[in-house]
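Enquirer: Have a look at this one before I ask anything.
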Amino acid sequence: MSRYEPSQTEPKWQAAWDAAGIFTARRDPTKPKYYVLEMFPYPSGRIHMGHVRNYTMGDVIARYKAASGFSVLHPMGWDAFGMPAENAAMERGGHPKDWTYSNIADMRNQMKPLGLSIDWSREFATCDPEYYGQQQAMFIDMMEAGLIYRKNAMVNWDPVDMTVLANEQVIDGRGWRSGALVERRELTQWFFRISNYSSELLKALDALNDWPHKVRLMQANWIGKSRGLQFAFSTTGAPEGFDRIEVYTTRPDTLHGASFVAISPDHPLAKQLERHNPAIAEFVAECRRIDTSEEALEKAEKNGIDTGIRALHPFDDTWELPVYIANFILMDYGTGAIFGCPAHDQRDFEFATKYNLPIKQVFIALGTKEAPLSEAYVPMKSERVCYIRGFPQPEIKTGQEVIEEAIAHCEENGIGRGVTNYRLRDWGISRQRYWGCPIPVVHCATCGVVAEDKANLPICLPDDVTFDQPGNPLDRHSTWRNCTCPKCGATARRETDTMDTFVDSSWYYARFTAPRATTPTIAEDADYWMNVDQYIGGIEHAILHLLYSRFFARAMHKTGHLPAKSIEPFNALFTQGMVTHEIYKTTDANGRPVYHLPEDIIRNESDATLADGTKVEVIPSAKMSKSKKNVVDPLKIITEFGADTARWFVMSDSPPERDMEWTASGAKAAYKHLARVWRIADEITHTNANANATNDAALTKATAKAVDEVTRNIDNFAFNKAIAKLYEFTNTLSNSAAGTTTKRTAMQTMAQLMSPMTPHLAEEIWQMLGGTGLVAQAPWPSADPALLTDDEITLPIQINGKRRAEITIPANTPKSEVEKIVLANESVVKFLAGTPVKTIIVVSGRIINVLT
RNA sequence: GCCCGCGUGGUGGAAUGGUAGACACAGAAGACUUAAAAUCUUUAGGCCGAAAGGCCGUGCCGGUUCGAAUCCGGCCGCGGGCACCA
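Under the numbering used here, the final residue of the first sequence carries the number 882; numbering is consecutive throughout.
This is the structure:
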């Protein structure tokens, strides 16, 4: 007898797979293709359990599809540009490039022992010049196609470090390093015209049936289509050129309740006024001390300042409304100016209360009388209300109806026009940072802004840079900055902004189809492999990454880099949950929290201590993070139990879309189970039991059911249920008194069913039982439908909705017969005690409900 | 603040309009063992009961239905996103 020793067997099978080259993706015209992709990782240097879970899910699908006869593409790469590399350079010295490539090497080494069926020959990093050079080529094509432009936009400016900050680098309105109050500052930046595609990106969501409903809903809300009225207020007392203020409203039905006009602090009128009015200048400056995030803006106290300008109501030019500058009006949405109707908008209500503005009701709830409001009355647009202003007599209508009438009325009278607006803004891709893809553009004194000549690509990042001072090293690098204009040959200046890393991740899926090509893609490869059949990643990417990718695929199609079928690049999407763990905390002498690694904790049922007996506070589970030290190193688990145990555990118990709790005991239990399966297989090879018709038939039937259920569960991404079924099947097989031949067949099937989750163990068992070749190349088993049905079924009987008895009857018993059996049932008779029966509801194969 | 989810035994979860708690973890009892580990067997939502059985129970409140963890309305709690984190 030998033992289950994954440390011996796992490397052996990994070498066997490599030698057979079975994970190398090949265009095979004789097979249907299947492209499975997990969101590629940022090379932080260490893999974590979240990665293990993410890649194991993809691997289960990849191996299952390969066994099911598909030609599978399952690649891996690195989302390698971004701030952490620059931060590391600033903190520890060194170069972002060295840091990144060394992290990639480390992470690759940590991933290989997991035994993932990845085609490593296609690996690339987005910081490879071969990759970002092609991205630059596409940028130039997209520029020519009119998809890119420049405009002014706000950034977070750290006035002490003299540098632009990312939103996450702004903490409570201050720069994370300098502590200085952050200001909003305007810079000229590069934009993709994603808003040209607002309507299409929204409409196309309807066809993404294999995407989670919630992701589609989140994207739809993000795009934010609205129908409204755009019109202008005439003004009095405004500076020259501002005799009209354009506003946009989705509730033109409330125009009769308008009590003020408010403009954004970034509105041209506000900018004009701040030049000559110190009070306004101070207020606007104060507004700009909020960082650029919408969250900060929304949470800030709502403030305004009266400009002294008056707006004339379009229906009555004797009706004057004060014009405020208000900190909650976004310049990016609509026209950057609104009118406020306090009676029917909570924010306007609070604003009006604060500044003592009139609150005039336009409509009231049915069956009520006009009375002073304590909060805004905001019914659904579809709800019928009583309009008390704007009509000769009160009229009962829905908001929707009156909105449409109001738009029509304003259009007829030349007051304004109905417009469809989107919340989605153009995609600003300029970053004032070094470690990103350089924007391939040159600034020439005579020619202006000129795209680089494609022959000069890639525009590589210079290696000789330092990070000892804040700001963008490219800006300081005079020899890199100086270049010649591709148009006129004069001396020119290179663009020093680099691209948002979301650009890098918006097309890597396409690059994987031809990763070494000297063009961004190759038509034959893209035609064969696209689209991604199954995309897997975190829900945190539900909006930005996925929306940008959907846009970029369209832009790539427009510029000839992807076929028309690929404008929606991801056929199916699955969003997995996080891996969580308890947090262990003690407190140091100064009262500061000290966190401890799980491996340093002795965990009892009710409490936890350190090795020296110190009590440790146990904080409920949260996402694994370095700062809280609630991390488990996958390598340690692999060393102790093997990769299959880690893979099995992350797939068991929790449904994949939900967070899963990592527990040491759970990991151990997974190992125990795998060892048990191994032992049962081993026993089968050492015994020789005779056939037994009844027991053999029962096991054969159980095997067919296991095949059926595990297959369906994998198809539905219900890996936890597939595993539960495999536990059950293990118990059945272990307790079975069937003959050795039948048991051997059952165990071989078990190996196949387990192979997507625990590929090494499956190969081991497959070999033990004399299977041909590699189980990784064996065709997926199928179940004989005749074995899946039962002759007899047990049905519960309810009396008035409460379960009181059950009966076991032949599966094909007709309803009328079932009723007779139920009424004759001893427990039913006893329970009814003569009460007459009104109805019997028989749900075939499910339940019987007797009503009295 | 706005948008989107989630909430079931001591724990992870199963059941997505039809027997609530499959499967597993931790627990308890037993077998084997000099002992421990490993393994195997049994047990297990709560309350009442010797048992048969009964009552209660899916975050909270209300509704629809013969029947609700599941559908609807309102609330509470937790998580994700909010355009320069990736």
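Glycine included, each C-beta is placed from N, C-alpha and C at the ideal position.
Which first and last residues belong to the alpha helix (DSSP H) in which P308 is found?
Expert: P308 to C317
Enquirer: Name the residue from D149, N660, G875 and T819 whose alpha carbon lies nearest to the alpha carbon of K845.
Expert: Measuring from the Cα of K845, the nearest candidate turns out to be G875.
Enquirer: Closer than 8 Å by C-beta to R833: which residues in its own chain qualify, once you throw out the five before and the five after it? Chain order, please.
Expert: P826 and I827
Enquirer: How about S101 and K63: do their beta carbons lie closer than 9 Å?
Expert: Going by C-beta atoms, S101 is nearer than 9 Å to K63.
Enquirer: Beta-carbon within less than 7 Å of G364's beta-carbon, same chain only, minus the 5 sequence neighbours each way: which residues are those?
Expert: Y278 and N451
Enquirer: Can the beta-carbon of E116 be found less than 9 Å from the beta-carbon of R463?
Expert: Yes. Within cutoff.
Enquirer: Classify R834 as helix, strand or coil using the three-state DSSP reduction.
Expert: strand
Enquirer: Evaluate contact between the region 556–576 and the region 600–609, counting only Cβ atoms and requiring at least three cross-stretch pairs below 8 Å.
Expert: yes
Enquirer: Kindly indicate which three-state DSSP category F70 falls into: helix, strand or coil?
Expert: coil
Enquirer: Counting only the same chain and skipping the five closest in sequence on each side, list residues whose C-beta sits under 7 Å from that of V495.
Expert: Contacts found: Y464, P503 and H507.
Enquirer: Going by the DSSP bridge assignment, what does A367 pair with across the sheet?
Expert: I293
Enquirer: Express the C-alpha separation of E691 and S684 in angstroms, rounding to a whole number.
Expert: 8 Å
Enquirer: Suppose you measure from the CA of S289 to the CA of D346; what does that come to, to the nearest Å?
Expert: 13 Å
Enquirer: Output yes or no for whether 9 Å exceeds the beta carbon distance between L799 and M784.
Expert: no
Enquirer: Give me the Cα-Cα distance between E435 and V873, rounded to the nearest whole angstrom.
Expert: 51 Å
Enquirer: Do E328 and F358 count as a contact pair if the criterion is CB distance below 9 Å?
Expert: yes
Enquirer: Taking Cβ to Cβ, would you say L577 is nearer than 9 Å to Q219?
Expert: no
Enquirer: Helix, strand or coil: how does DSSP classify R461 here?
Expert: strand
Enquirer: For L16, which residues from the same chain have a beta carbon less than 7 Å from its beta carbon, with the 5 sequence-adjacent residues on both sides left out?
Expert: With the chain represented from 31 up to 882, any question about residue 16 goes unanswered, as that position is not in the structure.
Enquirer: Can you look up E647 in the DSSP assignment and give me helix, strand or coil?
Expert: In this structure, E647 counts as strand in the three-state DSSP scheme.
Enquirer: Straight-line CA distance for L491 to G124?
Expert: 16 Å
Enquirer: Secondary structure at K773, three-state DSSP: helix, strand or coil?
Expert: Helix, per DSSP.
Enquirer: On the three-state DSSP scale, how would you describe V609?
Expert: strand
Enquirer: Assuming Y757 contacts H790 under a Cβ cut-off of 8 Å, what Cβ separation, rounded to an integer in Å, is found between them?
Expert: Contact between Y757 and H790 is absent: CB atoms are separated by about 19 Å, not below the 8 Å threshold.
Enquirer: Would the beta-carbon of T770 fall within 9 Å of that of I714?
Expert: Yes; because the gap between Cβ atoms is below 9 Å, this pair is in contact.
Enquirer: For L924, count the other beta carbons within 10 Å of its own beta carbon; 16 or more makes it buried, fewer makes it exposed. Which is it?
Expert: The structure shown does not extend to residue 924, since the chain spans only 31 to 882, so no value can be given for it.
Enquirer: With respect to the alpha helix (DSSP H) encompassing Q140, which residues constitute its N-terminal and C-terminal limits?
Expert: P126 to M141
Enquirer: If G448 sits next to R257, beta carbons under 8 Å apart, how far is it from one beta carbon to the other, in whole angstroms?
Expert: 7 Å
Enquirer: Do you know offhand how far G607's Cα is from P628's?
Expert: 21 Å
Enquirer: Sort out for me which residues DSSP pairs L211 with in a bridge.
Expert: R204
Enquirer: With distances taken from CA atoms, which of M79, A46, F261 and G51 is nearest K666?
Expert: M79
Enquirer: For Y162 and L231, what's the separation of their Cα atoms in angstroms?
Expert: Their backbone Cα atoms lie some 26 Å apart in a straight line.
Enquirer: Quick check on the DSSP output: the alpha helix (DSSP H) that includes G446 runs from which residue to which?
Expert: No alpha helix (DSSP H) holds G446; the beta strand (DSSP E) holding it covers G446 to Y452.
Enquirer: Since S147 and H104 should fall inside the 8 Å C-beta cutoff, what is the C-beta to C-beta distance between them, to a whole number of angstroms?
Expert: 6 Å
Enquirer: Hey, how far is the Cα of A806 from the Cα of R56?
Expert: 16 Å
Enquirer: Across which residues does DSSP place N879 in a beta bridge pair?
Expert: Q828 and I871
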